[in-house]
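Report on one structure; see the data block that follows.
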Amino acid sequence: MLGTKLKTVISLVAVMGIAGTVSAYASTSSVSPKDLNNKVAVSMIKADPKPATVQDQIDKLYASLKPGQVIAYYVKDLKLNPSDRISFAGRGFVFQKYNDYLAKIKNINAPSLAKPASLPKGYTFKAGFLYPQNPDPTSALYEKLDKELKEQAAQGKKILYTKPLEVVEESSAVLTFVKNKVEVSVVASFVKPSDPIGGTPVPGSNPDQKTETLGINGVECTYTTELNGRDHLDWTDSANQVHYSISAKNAKTDVINFAKSMVKK
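Counting with mature numbering (1 follows the signal peptide of the UniProt record, and there is no 0), you get residues -26 to -1, 1 to 239 for the letters of the sequence shown.
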């Protein structure tokens, strides 16, 4: 199964399959065994590489994206793409300065996320990120892209087909802060409606997690301790349909202090 590279606007050419070629070696009438071995060795070293795989092409496609670009792609191979669905590759924006992040977020549709007015003692801003929103599978845009790419595939002989698209919103915003070796990440993501689940949902359990409910500024939050990862505190702003998550490794007090300066009822 080919994964979609997470990651946002436009103008990219379709990736073409790369075919390897084989160069022939022609001997001459005056070649010693030593020279012949040397020439064969050189010929082997210079042999063309194997044809690029579909995953190689997708990796190259992603590497060529600039911040703010997204491309839809379709793999015409049921072994590689058994669900027969289109996928997306997008590159988000990275900001080393908070003011640059603020300037960008004011001009696009993205989840509301700003640096706390008062950072916990010792923390400084490290970086900001904005990640693109892929078209929802139920949207008209998704259906349009699905139809266009599969029509191209039906008429072509390639395996990979691509189409650039314009992103109208960012799916998530991320701010990171550091204090010595501790890094805290704050993520804001738009809440998307979930697909309907048949039957009665059964609560899941994870032996590697421990959750507890905390009340912060009148808002119910969930703190999750991860035995094999970063702990995180989560809450949802239902009015604006934005989910927030603050995570760090072994820094519960700091995470809660961040939340106290950010959670609003």
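Glycine included, every Cβ here is placed at the ideal spot set by N, Cα and C.
query, result
"Burial state of residue 106 (16 or more Cβ within 10 Å)", "buried"
"Per-residue burial, residue 63 [other beta carbons within 10 Å of its own, 16 or more giving buried]", "buried"
"Outcome for residue 205 when other beta-carbon atoms lying within 10 angstroms are tallied against a minimum of 16", "buried"
"Same chain, Cβ closer than 8 Å to residue 267, neighbours up to 5 away in sequence not counted", "No answer is possible for residue 267: the residues shown for the chain start at -26 and end at 239."
"Buried/exposed call for residue 142, threshold 16 Cβ in 10 Å", "exposed"
"Candidates 208, 201 and 88, of which the one nearest residue 194 by Cα", "208"
"Where residue 34 falls, given that 16 or more other Cβ within 10 Å makes a residue buried", "exposed"
"Sub-7 Å separation of residue 187 and residue 199 beta-carbons", "no"
"Three-state secondary structure (DSSP) of residue 208", "strand"
"Nonlocal neighbours in the same chain, by C-beta distance under 7 Å from residue 115, ignoring five residues either side", "109"
"CB contact flag (residue 41, residue 59, <7 Å)", "no"
"Terminal residues of the alpha helix (DSSP H) in which residue 125 lies", "114 to 129"
"CA nearest to the CA of residue 101, picked from 151, 81 and 91", "151"
"Neighbour-count burial assignment, residue 201, 16 or more Cβ in a 10 Å radius", "exposed"
"Cα-Cα separation between residue 161 and residue 236, rounded to whole angstroms", "12 Å"
"Reference residue 149; option with closest CA among 43, 75, 238 and 46", "75"
"Which residues DSSP lists as bridging residue 152, in chain order", "98 and 157"
"Cβ-based burial, residue 139 [other Cβ within 10 Å; buried from 16]", "buried"
"Residue 125 classed as buried or exposed, judged by whether at least 16 other C-beta atoms fall within 10 angstroms", "exposed"
"3 or more residues per run - each beta strand (DSSP E) lying fully within the segment 36 to 113", "43 to 49, 61 to 65, 67 to 69 and 98 to 106"
"Cβ-Cβ distance between residue 119 and residue 135 below 7 Å", "no"
"Alpha helix (DSSP H) segment containing residue 227, residue limits", "226 to 234"
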